[in-house]
Every structure is written in C-alpha cells, then in structure tokens.
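In the UniProt record's numbering, the protein residues as written are 1 to 195.
Positions of the beta carbon are idealized from the N, C-alpha and C atoms, including for glycine.
For reference, the structure is listed below as structure tokens.
Written as structure tokens, this is what we have:
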C-alpha cells in the first residue's frame, strides 16, 4: 500500500507496519527526521511542512495518516498558566481529507480539553481518531502503553525535544488502525457521516 505518514515524528505509529508498504514520511524537524530515517531506512523521508505537502500530494496515496501537533489540544492545557489558542488546523485536515480525498485516511490526536468540534470515529488508547473507515474503540492500557513503546525500540537522544519523543503513538495502536482497512471496501466521504 502507498502510505503518506504526515507529522511522522519518530515513527511510533509506523513501527509495526510491514515493510512491503511504500511509505512517505513528512516531518519538519530535521533531527527528528534523522531518527525516523535510521529506524526506517526504506521509507522516503521528506523534511517539509506537512500541511503544504498534504494540499499538494493528497491524491497520490492509498492511505493517509496525519498526527498533527497535540500541544494546544491536550488536557494538560487546563493547568498551564499561559493560555494559548488551540491550533484548529487539526480540523481543517479532517474537513479537507473528508471532502477531497478518495483514499483511506485517519487523523489522530489526543483527547482534547474541550469537546471535539467534529465527532471522532473512535478512541484508541489516549488518542481520538477521525477516519473515513470503520475503527472500533480500543481501551487505554495505562503505563504499559509507554513501556510497550520502549520495548519496541524507542530510544532517544537527550538532545531531542522530549515532547517530540513523548508524542509517539503506541506502535500496537498504529498497526491496529492500519489493519482496520483490510476489511473495508471503499473509503467514505465526510458527508456520509451526516446521513
């Protein structure tokens, strides 16, 4: 399958995907992209803005995964002294893909501190998933989720922003979501959800 992995980070979601897929990973941080490239040398890694890349190349892939930054959506924002506006480009990706993309897609982010503006397709661990294919909820496994990620080869340099390394999705959930596509006949359009 030809896959676009947007906001790829260190590749947490991609860790358990089979190597026969043709994966293009988009990451804007060069140091993080180097970690990804070392872990997945057969993937195509492009250092650029994921939003721009999506607009220009969304129709060239069979599956699109987007994990936009979660720092302005996380429930931890409730305790920050300095309040910031949430980055609503998360929802623009969902609307864009839901309207224009003919491929399977999913957008992943944390459970936000506010009520989600678009109802998610599923909750998988500590993540909300918006997609155009069916995904069943998967429960959060607590600390074991982090330990599983470490056991699967997530090791990081102390020079790398720890937020970037903490944002990695549990590889088991990344595989679970990709595997959900196997039984699907065709992706839905966003308006199918409002019928």
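Check, Outcome
"Whole runs of the beta strand (DSSP E) within the stretch 97-122, excluding any shorter than 3 residues", "104-110"
"Collapsed DSSP secondary structure at residue 66 in the structure displayed", "strand"
"Exposure of residue 173, with buried meaning 16 or more beta-carbon neighbours within 10 Å", "buried"
"Under the three-state DSSP convention, the category residue 181 falls into", "helix"
"Buried versus exposed, by CB contacts within 10 Å (16 or more), residue 55", "exposed"
"The stretch 18-31 contacting the stretch 84-101, beta-carbon criterion three pairs below 8 Å", "no"
"Whole-angstrom C-beta distance between residue 132 and residue 100, which should lie under 8 Å", "So it is not a contact: roughly 11 Å between Cβ atoms."
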